[in-house]
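Just so we're aligned, residue 69 is where the sequence shown starts under our numbering, counting upward by one.
Here a beta-carbon is modelled for each residue, glycine too, at the ideal position from N, C-alpha and C.
Because the structure is a prediction, the values reported are computed rather than measured.
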Amino acid sequence: ALIVEHIDSTQPQSMVAPKVEEVCEHSARAIGNALEHNSLFLMPVWKAIGHSRWALTAKNLPKTMLISGAILAALLALFILRKDFILKAEGILTPVEKKDVFFEQDGHVAEVLVDHGDKVEKGQIIIRLENNDLETQIQQLYTDLSEAQASQRQVQLSRDPESESKLAELRARIQGYNRQLAILEAKKDALIVRAPMSGEITTWNVKHLLENKRPVMRGQKALQLANPEGDWELEVFLPEKRIGHLTKAQKDSDEPLDVSYVLKSNPGSSPLDAKLSEVQRTATFHEEHGQSFRLRVNQIDKDKLLAALKKGDTPGELKQGTEVLARVHCGRANLAFCFFHELIEWAYLQLYSI
Numbered sequence: 069a070l071i072v073e074h075i076d077s078t079q080p081q082s083m084v085a086p087k088v089e090e091v092c093e094h095s096a097r098a099i100g101n102a103l104e105h106n107s108l109f110l111m112p113v114w115k116a117i118g119h120s121r122w123a124l125t126a127k128n129l130p131k132t133m134l135i136s137g138a139i140l141a142a143l144l145a146l147f148i149l150r151k152d153f154i155l156k157a158e159g160i161l162t163p164v165e166k167k168d169v170f171f172e173q174d175g176h177v178a179e180v181l182v183d184h185g186d187k188v189e190k191g192q193i194i195i196r197l198e199n200n201d202l203e204t205q206i207q208q209l210y211t212d213l214s215e216a217q218a219s220q221r222q223v224q225l226s227r228d229p230e231s232e233s234k235l236a237e238l239r240a241r242i243q244g245y246n247r248q249l250a251i252l253e254a255k256k257d258a259l260i261v262r263a264p265m266s267g268e269i270t271t272w273n274v275k276h277l278l279e280n281k282r283p284v285m286r287g288q289k290a291l292q293l294a295n296p297e298g299d300w301e302l303e304v305f306l307p308e309k310r311i312g313h314l315t316k317a318q319k320d321s322d323e324p325l326d327v328s329y330v331l332k333s334n335p336g337s338s339p340l341d342a343k344l345s346e347v348q349r350t351a352t353f354h355e356e357h358g359q360s361f362r363l364r365v366n367q368i369d370k371d372k373l374l375a376a377l378k379k380g381d382t383p384g385e386l387k388q389g390t391e392v393l394a395r396v397h398c399g400r401a402n403l404a405f406c407f408f409h410e411l412i413e414w415a416y417l418q419l420y421s422i
């Protein structure tokens, strides 16, 4: 629609109307041509090509060829040049020698003798449990055993012709009581929890977790012990989506894969070296790292690790759970794959989900 506003009242409408019709005709033709022009396929591309003709002029042609050659060389370099293909993951430091301590019997916690950070020796008592039902059973068995032994003495003193059969029955009962007592006494001994190794208590706030006669069950974890004086290793959490690259690299290499790592407290320091020793068979969910595979990394130089700790932002002792940034070296690949493999995998996933 074309709207015409007539302001000059001195001209009669009969003179203005022919001019309006002529303007309408020209405007309609112009708008129609514009719509047809813009509806052509890939019009923005054709416009860009038309505007780029300046690059092919005699004056600008050398620059154009130089820039085009540089772009082509960069693209070729991405596919020809190779570098180390690295998988990045986060992890923690942990002693190689560590053990979880479990309760061997049901009961209530009577006494906790250690707390977080305490040093203990192998065989040292760390927790005492109590079980009133077990004590009652033991006392009852001792009573029954005493009665059977008293009966045995009486029969032995009597001259009853049937005494031999009674003695045989009493001997069997006494043997049964002794066997039951041995079993119950072993259960009673298991109420005393001892350190299975020398080391340090690494579980946080043990006394608070187990105090106030807390009931516990057989097989329940009590605490964890570790030996900080021994060797250390890394526990690395590799995202599930990257495990395929790691598996392929392991198959292609006859030696354990190299791993380099830095402490999160000192990320600018020189990377430390280690070796990949074990990969978890199945992925598990971790609250911080999501669905991931655990990697065990060892052959850590403890002296270099301690030196790196001293240079950190928060220098201190070697502690279990110290966070690290690890890089697993998975052979070599072209630059394009090293830089853009996650983008390529994302594109494949999008195509597959269509």
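Contact annotation: residue 365 and residue 301 have beta-carbon atoms nearer than 9 Å. One alpha carbon belongs to residue 399, the other to residue 407, and they sit about 14 Å apart.
With contacts defined as CB atoms closer than 9 Å, residue 174 and residue 262 fail to qualify as a contacting pair.
When beta bridges are read from the DSSP output, residue 360 appears opposite 307 and 352. Residue 352 is classed as exposed because its beta carbon has fewer than 16 other beta carbons within 10 Å across all chains shown.
Residues of the same chain with a CB within less than 8 Å of the CB of residue 312, apart from the 5 flanking positions on each side, do not exist.
In the structure shown, the three-state DSSP call for residue 389 is coil. For residue 213, same chain residues with a beta-carbon under 8 Å away, outside a window of 5 residues either side, are 242, 245, 246 and 249 in chain order. The stretch 239-309 is shown to contain whole alpha helix (DSSP H) runs of 4 or more residues at 274-278, in chain order. Inter-segment contact for the stretch 178-191 and the stretch 256-273 is present: three or more beta-carbon pairs are separated by less than 8 Å. Between residue 202 and residue 278, the gap from beta carbon to beta carbon reaches 9 Å or more. Residue 216 places its beta carbon less than 9 Å from that of residue 238. Nearest C-alpha to residue 200 among 369, 418, 359 and 281: 281. Secondary structure at residue 339: coil, using DSSP grouped into helix, strand and coil.
By the Cβ test, the stretch 153-160 is in contact with the stretch 383-393, since at least three Cβ pairs between them sit closer than 8 Å.
Within its own chain, the residues whose Cβ lies closer than 7 Å to the Cβ of residue 170, once the five positions on either side in sequence are excluded, are 287, 288, 289 and 290, listed in chain order. In the structure shown, the three-state DSSP call for residue 223 is helix. Ranking 334, 374, 333 and 264 by CA distance to the CA of residue 166 puts 264 first. Take residue 97, set aside five residues on each side of it, and no residue of its chain has a beta-carbon closer than 8 Å to its own. Short of 6 Å from the beta carbon of residue 357, and not among the five residues preceding or following it, lie these beta carbons of its own chain, in chain order: 305.
Exposure of residue 419 is indicated by the presence of fewer than 16 other C-beta atoms within 10 angstroms of its C-beta.
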